[in-house]
Amino acid sequence: MKIKFIFIIYFVNLFSGCSKPQDILKSSIRQIDFGNIKKSGSYKVIFYLKNNGVNQIQIKSINSSCGCVIAIPEEDFIKPHDSIKVHLAYEPRKSGLDKQILTITDIKEKYKINIPVSANVIP
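Letter by letter, the sequence shown follows residues 147 to 269 in the working numbering.
Right under this line is the structure:
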C-alpha cells in the first residue's frame with residue numbers, strides 16, 4: 147500500500163506541470179560586468195530571454211536602478227520554448243565602482259529576473 151501511494155504522488159507531480167517560476171523565464175546571463183571602462187563611453191551588451199514554459203509570456207517591463215542602464219527587448223512576447231533578444235546600453239554617469247540592478251518582469255508579475263550590472267568607471 148505504501149509503495150502504491152508513493153507511486154501515485156510521483157505520477158501526479160510528474161504530469162501536473164509543476165515548474166518553479168524561476169525555471170520558466172530564464173536569462174542567458176546571470177550578471178553583466180563591464181570591468182574597467184571610461185566614463186565618456188557608451189557600452190552595449192546583447193542577451194536573450196527564454197520561455198521554457200508552455201504558455202506565451204508578455205514582458206511588462208525591463209527597468210534598472212538608474213537611468214544609466216537601458217534595456218530594450220526586440221519583442222514584447224515570448225512564445226513557448228522560444229527566445230527573444232534584449233539590447234542593453236550602459237552610459238556611466240559617475241566615476242568609481244558602479245553597481246546597478248536590471249529587473250525584468252512579465253505582465254502577470256508571475257516571473258521576475260534580477261541581473262546585477264557593474265563597472266569600474268575611470269574618469
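Glycine included, every Cβ here is placed at the ideal spot set by N, Cα and C.
DSSP three-state assignment for residue i, whether helix, strand or coil
i, result
"Gly213", "coil"
"Asp107", "This structure cannot settle anything about residue 107, because the visible part of the chain is limited to 147 through 269."
"Gln246", "strand"
"Asn200", "In the sequence as displayed, the identity of residue 200 is Val instead of Asn. The answer is coil: DSSP assigns Val200 none of H, G, I, E or B."
"Pro226", "coil"
Bounding residues of the beta strand (DSSP E) (the contiguous stretch that carries residue i)
i, result
"Gln177", "Taken as a continuous stretch (DSSP letters only), Gln177 belongs to no beta strand (DSSP E), as it is neither H nor E."
"Gly187", "Note, Gly187: premise wrong, no beta strand (DSSP E); not H, not E."
"Tyr236", "Ser229 to Tyr236"
"Ser144", "Since the first and last residues shown for the chain are 147 and 269, residue 144 lies out of range."
Supposed contact pair residue j and residue i - C-beta distance, whole angstroms, cut 8 Å
i, j, result
"Leu195", "Ile247", "Actually they are not in contact, since the Cβ atoms of Leu195 and Ile247 sit about 16 Å apart, beyond 8 Å."
"Gln177", "Ile261", "6 Å"
"Val267", "Ser241", "5 Å"
C-beta contact flag for residue i and residue j at 8 Å
i, j, result
"Ile230", "Ile224", "yes"
"Pro238", "Lys185", "yes"
"Lys206", "Asp252", "yes"
Given residue i as reference, the closest of the options once Cα atoms are compared
i, options, result
"Lys254", "Ile192, Gln202 and Gly187", "Gln202"
"Gly213", "Ile183, Val200 and Tyr236", "Tyr236"
"Ala265", "Ile183, Lys190 and Ile259", "Ile183"
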